[in-house]
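In the working numbering, the protein residues as written are 50 to 147. For reference, the structure discussed in these notes is given below.
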């Protein structure tokens with residue numbers, strides 16, 4: 050099983066994608082305060098959401114149609130999920146007026 054440790058620590062003799070220092074900086078909270086849209090405490094690192102439910106150093110991001118991914122450098126666990134399809138044509142209104 051490949052874990053989040055591969056991104057930082059490497060895998061099968063290959064160097065990791067991120068140095069431990071870069072992973073720590075990405076995971077550090079960079080936007081403290083209140084999110085004006087979601088009306089909750091802001092929780093973004095450098096382009097990633099803090100994943101407090103996973104661990105204090107975990108980071109990741111959710112996406113469209115329920116996609117989600119995160120990594121926890123402390124435990125070495127990583128997770129990614131994506132759907133095969135974004136949605137059906139019936140779910141989106143047709144454009145008119147062209």
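Even for Gly, the Cβ is constructed at its ideal location relative to N, Cα and C.
{"Asked": "Quick one, are the C-beta atoms of residue 76 and residue 106 less than 7 Å apart?", "Found": "yes"}
{"Asked": "Residue 103: buried (16+ other C-beta within 10 angstroms of its C-beta) or exposed?", "Found": "buried"}
{"Asked": "Is the distance from the Cβ of residue 95 to the Cβ of residue 79 below 7 Å?", "Found": "yes"}
{"Asked": "What does the Cβ neighbour count give for residue 109, buried or exposed, with the cut at 16 atoms within 10 Å?", "Found": "buried"}
{"Asked": "Taking the alpha-carbon positions, what's the residue 70 to residue 121 distance?", "Found": "14 Å"}
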